[in-house]
Amino acid sequence: MKTRSDRKNYALKSLEIQYRQDDSNTFVSRRIINLKNDIQNKGYSICLERPALLWKYKCSKTAKLNKNSHLLIKRGHSLAYLFSNRKPVIYDQELIIGNMSSKRVAANYYPEGASFNIIEDIFRLSRRSVSLHLNATEKLKMVAIALITFRDSILFKALFRRKRIRNIWDILFAKKYIITEVAGVGHQIGDYESIIKFGLIRSD
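If you want the numbering used here, it's the 1-based position in the sequence shown plus 105.
The following block contains the structure:
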């Protein structure tokens with residue numbers, strides 16, 4: 106006859122539960138451990154799917170028809186095209202479906218942002234302090250995307266204007282900097298457990 110302890114051990118084994126002494130004495134499923142190991146063991150990379158799709162939309166008939174539309178209308182159409190054509194990725198053992206990029210662990214390339222700056226590291230991506238792994242074909246694709254979307258980047262819009270070209274030398278070879286940080290604070294978030302329990306601001 107099985108004891109209570111035997112039944113408990115059998116239940117844990119059948120549910121593929123592993124007991125971890127180093128994690129606040131909590132039970133963690135083998136599936137979660139496998140997912141964690143898979144993510145942590147994957148190398149970092151860059152996702153080029155998003156900028157490639159946005160460029161395809163920009164060359165489409167819909168984009169040309171909305172050329173003179175309001176910025177938000179154009180943005181809405183481009184996002185609709187992006188979400189309709191982005192390839193879904195479903196990883197083994199995951200129960201929540203969805204992916205932030207086309208690779209397991211990767212940063213998105215934002216042509217409308219400052220991602221163009223990564224091009225200066227194109228020949229030493231694997232030797233950076235946080236190495237990025239792209240094959241030769243992906244590197245050529247990223248350079249092509251960077252060149253054809255450069256006019257859309259915040260770098261081009263901020264500097265390459267007639268009145269601002271004279272300031273480029275001062276920016277590139279400045280001796281002193283004044284750093285202001287406003288929006289960046291919003292990217293810093295506390296631990297999720299406290300946020301779930303107390304929210305972003307604890308009540309008195």
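Even for Gly, the Cβ is constructed at its ideal location relative to N, Cα and C.
6 Å Cβ shell around residue i - same chain, five flanking residues per side excluded
i	result
Leu-170	none
Arg-269	none
Ser-299	none
Phe-303	none
Own chain partners of residue i with C-beta closer than 7 Å, once the 5 adjacent residues on each side are dropped
i	result
Gln-198	Arg-136, Asn-139, Leu-140
Asp-128	Residue confidence is low: Asp-128 scores 48 on pLDDT, short of 50, so the model does not pin down where it sits. No coordinate-derived value is stated.
Lys-244	Ile-227
Ala-279	none
Asn-130	With a pLDDT of 48 at Asn-130, under the threshold of 50, the modelled position of this residue cannot be trusted; read the value that follows with caution. Closer than 7 Å at Cβ, skipping near neighbours: no residue.
Ile-178	Asn-171
Val-235	Tyr-149
Nearest residue (CA-CA) to residue i, options the options
i	options	result
Leu-260	Ser-220, Phe-228, His-182, Ser-165	Ser-220
Gly-148	Leu-200, Met-205, His-238, Arg-233	His-238
Lys-262	Ala-168, Gly-218, Gly-181	Gly-218
Asn-213	His-182, Pro-156, Arg-191	Pro-156
Arg-191	Asn-222, Lys-208, His-175, Phe-265	Lys-208
Leu-252	Ile-224, Ser-234, Ala-279	Ile-224
Ser-258	Ser-134, Val-194, Asp-143, Trp-160	Trp-160
Met-247	Asn-173, Asn-222, Lys-281, Lys-302	Asn-222
Ile-144	Gly-304, Ser-165, Asn-204	Asn-204
Pro-193	Ala-185, Ser-206, Glu-298	Ser-206
Ser-165	Ala-185, His-175, Lys-281	Ala-185
Nearest-angstrom Cβ-Cβ length linking residue i and residue j, presumed shorter than 8 Å
i	j	result
Pro-216	Thr-167	In fact, because the Cβ distance is near 18 Å, the residues do not count as touching under 8 Å.
Leu-158	Leu-187	5 Å
Ile-201	Ile-195	No, Ile-201 and Ile-195 are not in contact; Cβ-Cβ is about 10 Å, not under 8 Å.
Contact under 7 Å by Cβ, residue i with residue j
i	j	result
Ala-241	Ser-150	no
Tyr-162	Ser-183	yes
Ile-273	Leu-264	yes
Cβ-based neighbour list, residue i, same chain, cut-off 8 Å, excluding 5 preceding and 5 following
i	result
Ser-231	Leu-237, His-238
Arg-229	none
Ile-301	none
Ile-276	Leu-264
Arg-233	Asp-226
Could you name each continuous beta strand (DSSP E) segment of 3 residues or more that falls completely within the region 177-238, going from the start of the chain to the end? 211-213
Let me know the alpha helix (DSSP H) ranges lying completely inside the region 234-276, each 4 residues or longer, listed in chain order. 241-253, 259-264
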